[in-house]
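Quick note: the numbering used here has the sequence shown finishing at residue 186, numbered continuously throughout.
All C-beta atoms in this analysis are idealised placements derived from N, C-alpha and C, irrespective of residue type, glycine included.
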Amino acid sequence: MNEHPRPPVIPDAARHDAFRGAMRSLAGAVSVITAGFGDERSGLTATSVSSLSIDPPTLIACINRNASTWPLIQRHRHFGVNVLAPHHEVVADRFAGRHGVKGAARYAGADWLELVTGAPILADAVVAIDCELEEAIDRHSHSIVIGRVRAIHAGLGDADAALIYWRGAYGAVTHHR
Ligand SMILES: Cc1cc2nc3c(=O)[nH]c(=O)nc-3n(C[C@H](O)[C@H](O)[C@H](O)COP(=O)(O)O)c2cc1C
């Protein structure tokens, strides 16, 4: 019989720290997820957006159920995924709740549109994707939201740079043409 060495027992707290550290090394595109209308709007900065399927066009994002945007997504059954450019760092900070700005006030200082679902769409996003909420799957602290794509807005047209977040800091990824 093969003898497999047992992995060392790691206490929960150390495992959480190790996992958080590992995730800091995963570079992520920065988006703002928006929901609601008028004064009843909020949004959050997110790196957890990923494509789910092309046919039908769907995507997922993982949203903390304590975030102020979560009840708005449930109520309005829509959300916008606004992919940010490097010049949107201030927008990313605002929607991450830094400096204490909340709700509709996070939308100040940028131009917003509506496409099909009514979710707020950032006019000069790298690209913005208007989604209807197809399903929300609660897991642990978060909900995995599945968005059915209803419209796409190529805000900056052929943008040549995107905002990323890596090891606790913003950066830019660019194409050298
Ligand atoms: C770069 C970055 C990425 C983030 N990604 C996520 C994410 O994918 N999901 C999430 O729930 N929160 C994410 N957050 C945290 C939310 O932006 C933040 O908790 C939220 O805006 C604050 O919630 P509030 O609206 O209740 O103030 C991220 C924050 C930053 C700075």
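Item	Value
Check: H225 C-beta below 7 Å from any heavy atom of ligand 1	The question about residue 225 has no answer, for the chain in this structure spans 10 to 186.
Contacting residues, own chain, Cβ-Cβ under 7 Å from P226 (five flanking each side not counted)	Outside the shown range of the chain, which is 10 to 186, sits residue 226, and nothing can be said about it.
Residue closest to I138, alpha-carbon to alpha-carbon, out of T43, H184 and D120	T43
Alpha-carbon to alpha-carbon, A178 and E144	32 Å
Through-space distance from H25 to R115, alpha-carbon basis	31 Å
Ligand 1 heavy atom lying under 7 Å from the CB of T43	no
Where the alpha helix (DSSP H) through V99 begins and ends	E98 to F104
Chain-ordered residues, beta carbon under 5 Å from a heavy atom of ligand 1	L53, T54, A55, T56, S57, I72, N73, A76, S77, A105, G106 and Y174
C-alpha distance - I173 paired with A36, whole-angstrom precision	7 Å
C-alpha distance - G180 paired with H85, whole-angstrom precision	33 Å
Test item: CB-CB of E123 and L81 under 8 Å	no
Presumed contact (8 Å Cβ cut-off) between F104 and T54, rounded CB distance	4 Å
Per-residue DSSP class, three states only, for I82	helix
Inter-residue CB distance, D102 and H96 (contact presumed, cutoff 8 Å)	In fact, because the Cβ distance is near 13 Å, the residues do not count as touching under 8 Å.
C-beta contact flag for V110 and V90 at 8 Å	no
First and last residue of the uninterrupted beta strand (DSSP E) at R50	E49 to A55
Secondary structure of H184, DSSP reduced to three states	coil
Nearest-angstrom beta carbon gap, A168 and A94 [assumed within contact, 8 Å]	6 Å
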